[in-house]
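If you're matching positions, the sequence shown starts at 10 in our numbering and goes up one per residue.
C-beta atoms are modelled at their ideal positions from N, C-alpha and C, and glycine is treated no differently.
Worksheet for the structure shown next.
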Amino acid sequence: MKRLVTLIMAIVAFSAPGFCDVDFGVEGGAIINKMKFNKNVFQSDNRAGFFIGPKLKSSLVLGFGLDAALLYSQRSTEFGLEDSDLHSKDFSYITVPVNIRWQLGSDRFAPYIATGPQWDFYIGNSKLNTSDGIKATFEHNVISWNIGAGLMLLDHVQIGFSWNLPITDRGNISFKDLADEAAETVKAKMKNKEWNIRVNYYF
Numbered sequence: 010m011k012r013l014v015t016l017i018m019a020i021v022a023f024s025a026p027g028f029c030d031v032d033f034g035v036e037g038g039a040i041i042n043k044m045k046f047n048k049n050v051f052q053s054d055n056r057a058g059f060f061i062g063p064k065l066k067s068s069l070v071l072g073f074g075l076d077a078a079l080l081y082s083q084r085s086t087e088f089g090l091e092d093s094d095l096h097s098k099d100f101s102y103i104t105v106p107v108n109i110r111w112q113l114g115s116d117r118f119a120p121y122i123a124t125g126p127q128w129d130f131y132i133g134n135s136k137l138n139t140s141d142g143i144k145a146t147f148e149h150n151v152i153s154w155n156i157g158a159g160l161m162l163l164d165h166v167q168i169g170f171s172w173n174l175p176i177t178d179r180g181n182i183s184f185k186d187l188a189d190e191a192a193e194t195v196k197a198k199m200k201n202k203e204w205n206i207r208v209n210y211y212f
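And the structure:
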């Protein structure tokens, strides 16, 4: 966490007026989320989520720039366990994406592409035990990678999408058949794959 704060402060300092253009704004959007497991023991459907928070964008040279945001995000996960206490769950995070951006044209109409790492800090309970024998552990620090594109419009509005690829696990889950004392415990790791629709307004 300290390294992340240092990184954000470095971006702000690097983007200081006089060195390059910097814009502050707010970002919000929708998450199309699907939880993936490393074993075929659970089925998860696409579910919706959202994010919102402040963002800064700096422009350097030759269309390149940096952007970073501090977001509250929530993802809803469907575990496909119809008769379980863990049928579905909402996950809340503090999300920090930091991207390198390349933009073509002026801010009045400019397509862009962006890519960079994202840190998600889970703000819920790290462990969950259900009455039907399911045990889940959720990671508090999750790292992923964003790849995105979009349009900058009328100097203030930015509309885009991004694909978020997992690097580290979001947690793990284990269970066994309580009716069978000899049953082996099944364990699976959890990762998210998701699409984000993003809308920014810069002041």
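The distance from the Cβ of I156 to that of T124 is about 5 Å, consistent with a contact at the 8 Å cut-off. Scanning its chain for C-beta atoms nearer than 7 Å, with the 5 sequence neighbours on each side dropped, one finds around S135 the residues T146, F147 and H149, in chain order. S171 is the residue among S171, P120, K144 and N138 whose C-alpha sits nearest the C-alpha of W154. Beyond the five residues adjoining it in sequence on each side, P120 comes within less than 6 Å, by CB distance, of L113 and L160 in the same chain, given in chain order.
A Cβ-Cβ contact shorter than 8 Å links F60 with G37.
Contact annotation, G58 with L79: C-beta distance approximately 17 Å; criterion of less than 8 Å not satisfied.
Collapsing the DSSP output to three states places E148 in coil.
Taken in chain order, the complete beta strand (DSSP E) segments of 3 or more residues contained in the stretch 110 to 185 are 118 to 131, 136 to 138, 144 to 147, 150 to 162, 166 to 175 and 180 to 184. Residue pairing for T86: DSSP places it in a beta bridge opposite K98. Between the C-alpha atoms of Y81 and V166 there is a straight-line separation of about 20 Å.
According to the DSSP assignment, L71 belongs to no beta strand (DSSP E), since it is labelled neither H nor E. If you check the CB distance, I152 and I132 do not come in under 8 Å. DSSP places T194 in the coil class of the three-state scheme, outside both helix and strand.
A residue is called buried when at least 16 other Cβ atoms come within 10 angstroms of its Cβ; I40 meets this threshold and is buried.
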